[in-house]
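Asks:
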Amino acid sequence: MEFNILVTGGAGYLGSILVPELLAQGHRVTVLDNFMFRQNSLAQLCINPRFTVVNGDVRCINTVNPLLEQTDIIIPLAALVGAPLCNKDPVGASSTNRDAIFAMMDRLSPQQRILMPTTNSAYGSGDDNNHCDETSPLNPISHYAREKVEVEKRLLEHSNAISFRLATVFGMAPRMRTDLLVNDFVYRAVYDRAVVLFESHFKRNYIHIRDVVRAFLHGIENFDAMKGEIFNVGLSDANISKWQLCEAIKKQLPEFVFVEAGEGKDPDQRNYIVSNQKIEQTGFKPAYGLDDGIAELTKGYAMIKNSCYGNI
Numbered sequence: 386m387e388f389n390i391l392v393t394g395g396a397g398y399l400g401s402i403l404v405p406e407l408l409a410q411g412h413r414v415t416v417l418d419n420f421m422f423r424q425n426s427l428a429q430l431c432i433n434p435r436f437t438v439v440n441g442d443v444r445c446i447n448t449v450n451p452l453l454e455q456t457d458i459i460i461p462l463a464a465l466v467g468a469p470l471c472n473k474d475p476v477g478a479s480s481t482n483r484d485a486i487f488a489m490m491d492r493l494s495p496q497q498r499i500l501m502p503t504t505n506s507a508y509g510s511g512d513d514n515n516h517c518d519e520t521s522p523l524n525p526i527s528h529y530a531r532e533k534v535e536v537e538k539r540l541l542e543h544s545n546a547i548s549f550r551l552a553t554v555f556g557m558a559p560r561m562r563t564d565l566l567v568n569d570f571v572y573r574a575v576y577d578r579a580v581v582l583f584e585s586h587f588k589r590n591y592i593h594i595r596d597v598v599r600a601f602l603h604g605i606e607n608f609d610a611m612k613g614e615i616f617n618v619g620l621s622d623a624n625i626s627k628w629q630l631c632e633a634i635k636k637q638l639p640e641f642v643f644v645e646a647g648e649g650k651d652p653d654q655r656n657y658i659v660s661n662q663k664i665e666q667t668g669f670k671p672a673y674g675l676d677d678g679i680a681e682l683t684k685g686y687a688m689i690k691n692s693c694y695g696n697i
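If you read the sequence shown in our numbering, its first letter stands for residue 386, the second for the next number, and so on.
1) If the criterion is Cβ atoms closer than 9 Å, does the pair R550 and I615 meet it?
2) Less than 7 Å between C-beta atoms, sequence neighbours within five positions excluded: which residues of the same chain meet that for L565?
3) Please give me, in chain order, every unbroken run of the beta strand (DSSP E) with length at least 3 that falls completely inside the segment 535 to 604.
4) Quick one: what does DSSP say R412 is sitting in, helix, strand or coil?
5) Please classify H586 as buried or exposed, where buried requires at least 16 other C-beta atoms within 10 Å of its C-beta.
6) Would you tell me roughly how many angstroms separate the C-alpha atoms of T456 and F570, rounded to the nearest one?
7) Does T563 pass the burial test, meaning 16 or more other C-beta atoms within 10 Å, or should it be called exposed?
8) Across which residues does DSSP place T659 in a beta bridge pair?
9) At the level of alpha carbons, what is the spacing between K533 and E387?
10) Between the alpha carbons of I664 and A610, how many angstroms are there, rounded?
11) Between the C-alpha atoms of L500 and I459, what's the straight-line distance to the nearest angstrom?
12) Return the chain-ordered list of same chain residues with a C-beta closer than 6 Å to the C-beta of S506, the five sequence neighbours on each side being excluded.
13) According to DSSP, is F436 part of a helix, a strand, or is it coil?
14) Buried or exposed: where does A574 fall if 16 or more other Cβ atoms within 10 Å of its Cβ makes it buried?
15) Would you mind working out which of D653, G394, M688 and L430 sits nearest F420, comparing C-alpha positions?
16) Any idea which residues DSSP pairs E645 with across the strands?
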């Protein structure tokens, strides 16, 4: 079935992979993006008559309202993503990540579908054993995670919505982000050959960017069975510590050296083990492992050697 899909922030890290796949599935896709990183990550799609691009701000109701009127599915990716960027511009973060989403949801009809990326960073540190599933209490630590929790709560008041709580994403994309943890550590392994770890026992869950895209496609295809629910999206075999991540990188880049800092704390205090069983029970299985991503990033970084690909 063909849908009219609006992807806000569609020229970003995730959107630059997702939008081509939506078009390949036969959908009509409109991207709203302010191109704040001066990216041309969707340039190859401009020849496609099913693709429309609008250069504008998701906070501007005069821009958003006409687009919503002709949309069946909304995928809101427009956001200031990550704790450092949100801390740098808290006003811009709140107005984009929360207020613009609330304003958009006020204008949606009950029939319009929304698939929202939220974050499993909302778990903070999990239970006493750091284990989390979709029913676990939330303990968001950062500005970014706290507002994602607010948005998710509001989202589930809509009759046709799915929330995907994403693990830490990794992998190459046309609008690259080198500041994400796996991407960052592989970059350091390639160019610096070393990293100093703070609280290296802290664990996190990870997911390849192409599997995130596959989760959204899975949600569209199985919407009636999944609507009204929250799903963790991550690799069940990649609930690993920062030290274990470095060990995995060293297997492919043997010259990589990593050491534990003698003192000090990681400013990012997230530490949790996440269950992805719920989405797996719907038939979704990740296709790309952590080792696949490390190999991909190692090749990709042969083309990248500067700092303009991060969010901060």
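Don't be surprised by glycine CBs; every beta carbon is placed ideally from N, CA and C.
Values in this document were obtained by computation on a predicted structure and should not be read as measured data.
Replies: Inspection of the coordinates gives the following:
1) Counted from its first residue, the sequence shown places residue 550 at position 165. Counted from its first residue, the sequence shown places residue 615 at position 230. Taking 9 Å as the Cβ cut-off, R550 and I615 qualify as a contacting pair.
2) Translated into the one-based positions of the sequence shown, residue 565 becomes position 180. Here the set comprises T553, V554 and F555.
3) Those beta strand (DSSP E) runs which fall completely within the segment 535 to 604 and span 3+ residues are 546 to 551, 553 to 555, 579 to 582 and 588 to 593.
4) Counting from one through the sequence shown, the residue named residue 412 turns up at place 27. Sequence check: residue 412 is His here, not Arg. Coil.
5) Within the sequence shown, residue 586 is the residue found at index 201, counting from 1. So H586 ends up on the exposed side.
6) Here the question's residue 456 lines up with position 71 in the sequence shown. Here the question's residue 570 lines up with position 185 in the sequence shown. T456 and F570: Cα-Cα distance of roughly 39 Å.
7) Numbered from 1 along the sequence shown, position 178 holds the residue referred to as residue 563. The residue is buried, with at least 16 neighbouring Cβ atoms inside 10 Å.
8) Looking up residue 659 in the sequence shown gives position 274. The sequence given here has Val at residue 659, not Thr. Answer is C517, bridged to V659.
9) By one-based count along the sequence shown, residue 533 stands at place 148. By one-based count along the sequence shown, residue 387 stands at place 2. The alpha-carbon atoms of K533 and E387 are separated by roughly 29 Å.
10) In the sequence shown, residue 664 corresponds to position 279, counting from 1. In the sequence shown, residue 610 corresponds to position 225, counting from 1. Cα to Cα, I664 sits roughly 11 Å from A610.
11) For this step, residue 500 is matched to residue 115 along the sequence shown. For this step, residue 459 is matched to residue 74 along the sequence shown. Roughly 6 Å between the two C-alpha positions.
12) Residue numbering aside, residue 506 sits at position 121 when the sequence shown is read from its first letter. Only A530 and R655 meet the Cβ criterion.
13) What you label residue 436 is simply residue 51 of the sequence shown in a count that begins at 1. F436 falls in the strand class under three-state DSSP.
14) The sequence position of residue 574 within the sequence shown is 189, counting from 1. A574 is buried by the Cβ-count criterion.
15) As a working note, residue 420 is residue 35 in the sequence shown. Proximity to F420 across D653, G394, M688 and L430 peaks at G394, based on C-alpha coordinates.
16) Here residue 645 corresponds to residue number 260 of the sequence shown, with the count starting at 1. The partner list for E645 (beta bridge, DSSP) reads L582.
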